[in-house]
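Engineer: Numbering (this note's numbering), first residue to last: 1 to 173.
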(Lines of atoms letter the chains of each structure in order from A and count residues from 1; the text may use other names and numbers.)
(Lines give C-alpha, C1' and ligand atoms only; values in the text may rest on other atoms or scores of the structure.)
Protein backbone atom coordinates (compact mmCIF):
# COMPACT_ATOMS: atom_id res chain seq x y z
CA UNK A 1 0.00 0.00 0.00
CA UNK A 2 1.43 3.38 -0.92
CA UNK A 3 0.81 6.79 0.60
CA UNK A 4 -1.35 7.64 -2.41
CA UNK A 5 -3.49 4.51 -2.04
CA UNK A 6 -6.67 5.62 -0.30
CA UNK A 7 -8.54 2.35 -0.69
CA UNK A 8 -8.30 1.44 3.00
CA UNK A 9 -7.76 2.87 6.42
CA UNK A 10 -4.31 1.32 6.97
CA UNK A 11 -5.48 -1.55 9.15
CA UNK A 12 -3.73 -4.92 9.16
CA UNK A 13 -6.61 -6.23 7.06
CA UNK A 14 -5.90 -3.58 4.39
CA UNK A 15 -2.18 -4.36 4.37
CA UNK A 16 -2.91 -8.08 4.03
CA UNK A 17 -5.35 -7.37 1.18
CA UNK A 18 -2.72 -5.27 -0.56
CA UNK A 19 -0.18 -8.10 -0.26
CA UNK A 20 -2.71 -10.57 -1.66
CA UNK A 21 -3.40 -8.31 -4.65
CA UNK A 22 0.32 -7.97 -5.43
CA UNK A 23 1.08 -11.69 -5.04
CA UNK A 24 1.84 -13.48 -8.29
CA UNK A 25 -0.37 -16.37 -7.18
CA UNK A 26 2.49 -18.84 -7.24
CA UNK A 27 2.30 -20.91 -4.11
CA UNK A 28 0.59 -21.13 -0.81
CA UNK A 29 -2.38 -23.38 -0.26
CA UNK A 30 -4.67 -21.27 -2.38
CA UNK A 31 -6.84 -20.16 0.52
CA UNK A 32 -5.11 -16.82 0.68
CA UNK A 33 -4.06 -16.39 -2.95
CA UNK A 34 -0.46 -17.20 -2.04
CA UNK A 35 -0.13 -14.26 0.37
CA UNK A 36 1.22 -16.50 3.14
CA UNK A 37 4.03 -17.60 0.83
CA UNK A 38 4.87 -13.97 0.14
CA UNK A 39 4.87 -13.09 3.83
CA UNK A 40 6.97 -16.06 4.96
CA UNK A 41 9.42 -16.69 2.14
CA UNK A 42 13.18 -16.67 2.77
CA UNK A 43 13.45 -12.93 2.18
CA UNK A 44 10.59 -12.09 4.55
CA UNK A 45 11.14 -14.41 7.50
CA UNK A 46 10.58 -13.23 11.03
CA UNK A 47 13.96 -11.95 12.13
CA UNK A 48 13.58 -10.00 15.36
CA UNK A 49 11.09 -10.18 18.23
CA UNK A 50 11.12 -7.85 21.24
CA UNK A 51 9.23 -9.50 24.08
CA UNK A 52 8.18 -7.53 27.13
CA UNK A 53 8.70 -10.42 29.53
CA UNK A 54 7.39 -8.47 32.51
CA UNK A 55 5.96 -5.10 33.42
CA UNK A 56 7.89 -5.26 36.68
CA UNK A 57 10.82 -2.92 37.15
CA UNK A 58 13.03 -1.61 39.92
CA UNK A 59 13.09 1.97 38.60
CA UNK A 60 10.60 4.81 38.32
CA UNK A 61 11.80 6.50 35.14
CA UNK A 62 10.27 9.84 34.21
CA UNK A 63 9.09 8.57 30.82
CA UNK A 64 7.58 5.28 31.99
CA UNK A 65 3.97 4.78 31.05
CA UNK A 66 3.34 2.01 33.53
CA UNK A 67 4.31 3.43 36.91
CA UNK A 68 0.72 3.52 38.09
CA UNK A 69 -0.24 0.13 36.68
CA UNK A 70 2.92 -2.02 36.80
CA UNK A 71 1.80 -4.25 39.66
CA UNK A 72 -1.53 -4.86 37.92
CA UNK A 73 0.18 -5.57 34.58
CA UNK A 74 2.59 -8.02 36.21
CA UNK A 75 -0.39 -10.26 36.96
CA UNK A 76 -0.59 -10.81 33.19
CA UNK A 77 3.04 -11.91 32.79
CA UNK A 78 3.29 -15.33 31.17
CA UNK A 79 4.25 -18.23 33.41
CA UNK A 80 7.43 -20.14 32.66
CA UNK A 81 5.46 -22.86 30.87
CA UNK A 82 3.41 -20.34 28.89
CA UNK A 83 6.67 -18.60 27.95
CA UNK A 84 8.11 -21.84 26.61
CA UNK A 85 4.98 -22.47 24.55
CA UNK A 86 5.19 -18.96 23.12
CA UNK A 87 8.85 -19.57 22.24
CA UNK A 88 7.88 -22.86 20.55
CA UNK A 89 5.40 -20.87 18.48
CA UNK A 90 8.11 -18.43 17.43
CA UNK A 91 10.30 -21.24 16.14
CA UNK A 92 7.55 -22.17 13.67
CA UNK A 93 7.95 -18.74 12.07
CA UNK A 94 11.73 -19.04 11.72
CA UNK A 95 14.92 -18.83 13.73
CA UNK A 96 14.69 -15.23 14.88
CA UNK A 97 16.54 -13.13 17.41
CA UNK A 98 14.49 -12.98 20.60
CA UNK A 99 15.13 -9.88 22.70
CA UNK A 100 14.00 -10.32 26.29
CA UNK A 101 12.97 -6.91 27.57
CA UNK A 102 10.57 -5.39 30.06
CA UNK A 103 9.95 -3.50 32.39
CA UNK A 104 13.15 -5.03 33.65
CA UNK A 105 13.57 -8.63 32.47
CA UNK A 106 15.95 -9.43 35.32
CA UNK A 107 12.99 -8.84 37.64
CA UNK A 108 11.75 -12.28 36.55
CA UNK A 109 13.30 -15.07 38.63
CA UNK A 110 12.85 -17.47 35.67
CA UNK A 111 14.46 -15.23 33.03
CA UNK A 112 17.58 -17.43 32.85
CA UNK A 113 15.47 -20.57 32.34
CA UNK A 114 13.49 -18.80 29.62
CA UNK A 115 16.67 -17.61 27.88
CA UNK A 116 18.27 -21.04 28.05
CA UNK A 117 15.13 -22.66 26.66
CA UNK A 118 14.96 -20.20 23.76
CA UNK A 119 18.60 -20.95 22.94
CA UNK A 120 17.97 -24.71 23.16
CA UNK A 121 15.29 -24.52 20.45
CA UNK A 122 17.53 -22.56 18.10
CA UNK A 123 16.70 -18.91 18.75
CA UNK A 124 19.38 -16.27 19.18
CA UNK A 125 18.76 -14.70 22.58
CA UNK A 126 19.45 -11.09 23.55
CA UNK A 127 18.66 -9.19 26.74
CA UNK A 128 17.66 -5.52 27.03
CA UNK A 129 18.15 -4.37 30.61
CA UNK A 130 18.49 -1.14 32.56
CA UNK A 131 21.68 -2.66 34.00
CA UNK A 132 21.04 -1.79 37.63
CA UNK A 133 20.57 -5.41 38.69
CA UNK A 134 23.68 -6.68 36.90
CA UNK A 135 26.35 -7.88 39.32
CA UNK A 136 29.26 -10.19 38.50
CA UNK A 137 27.08 -13.12 39.59
CA UNK A 138 24.13 -12.00 37.44
CA UNK A 139 26.46 -11.46 34.48
CA UNK A 140 27.67 -15.04 34.86
CA UNK A 141 24.08 -16.33 35.01
CA UNK A 142 23.29 -14.38 31.83
CA UNK A 143 26.29 -15.97 30.10
CA UNK A 144 25.42 -19.44 31.42
CA UNK A 145 21.88 -19.04 30.04
CA UNK A 146 23.40 -18.64 26.56
CA UNK A 147 22.35 -15.01 26.09
CA UNK A 148 24.40 -13.86 23.10
CA UNK A 149 23.83 -10.11 23.27
CA UNK A 150 23.13 -7.69 26.11
CA UNK A 151 21.97 -4.09 25.70
CA UNK A 152 22.08 -1.74 28.67
CA UNK A 153 20.08 1.45 28.31
CA UNK A 154 21.32 4.89 29.30
CA UNK A 155 19.13 7.94 29.69
CA UNK A 156 21.73 10.67 29.70
CA UNK A 157 25.36 11.42 28.91
CA UNK A 158 26.20 12.29 32.50
CA UNK A 159 25.48 10.51 35.78
CA UNK A 160 23.45 13.50 36.96
CA UNK A 161 21.13 13.52 33.93
CA UNK A 162 20.75 9.75 33.81
CA UNK A 163 20.11 9.33 37.54
CA UNK A 164 17.57 12.19 37.61
CA UNK A 165 15.70 10.60 34.70
CA UNK A 166 15.75 7.16 36.32
CA UNK A 167 15.00 8.52 39.80
CA UNK A 168 17.72 6.30 41.26
CA UNK A 169 20.95 7.91 42.44
CA UNK A 170 23.95 5.84 41.35
CA UNK A 171 22.13 4.02 38.55
CA UNK A 172 24.49 5.46 35.91
CA UNK A 173 27.44 3.71 37.51
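Don't be surprised by glycine CBs; every beta carbon is placed ideally from N, CA and C. As the structure is a computational prediction, the values presented were derived from the model and not from experiment.
Which one or two residues does DSSP pair with residue 101 in a beta bridge?
Structural biologist: 52
Engineer: Residue 61 and residue 165 look like a contact to me (Cβ under 8 Å); what is the Cβ gap, rounded to whole Å?
Structural biologist: 6 Å
Engineer: By a C-beta neighbour count over all protein chains shown, 10 Å radius and 16 as the cutoff for buried, is residue 102 buried or exposed?
Structural biologist: buried
Engineer: Quick check: what's the CA-CA separation for residue 114 versus residue 163?
Structural biologist: 30 Å
Engineer: How is the beta strand (DSSP E) around residue 127 delimited, first residue to last?
Structural biologist: Counting along the chain, the unbroken beta strand (DSSP E) around residue 127 starts and ends at 124-129.
Engineer: Exposed or buried, residue 153, counting other C-beta atoms within 10 Å across all chains shown (16 or more means buried)?
Structural biologist: exposed
Engineer: Determine the extent of the beta strand (DSSP E) in which residue 149 is found, giving its start and end residues.
Structural biologist: Where residue 149 is concerned, the enclosing beta strand (DSSP E) stretches over 149-152.
Engineer: Report the rounded CA-to-CA distance for residue 158 versus residue 170, giving the unit in angstroms.
Structural biologist: 11 Å
Engineer: Helix, strand or coil for residue 138? Go by DSSP, reduced to three states.
Structural biologist: For residue 138, the three-state secondary structure derived from DSSP is helix.
Engineer: What is the rounded straight-line gap between the Cα of residue 147 and the Cα of residue 89?
Structural biologist: 19 Å
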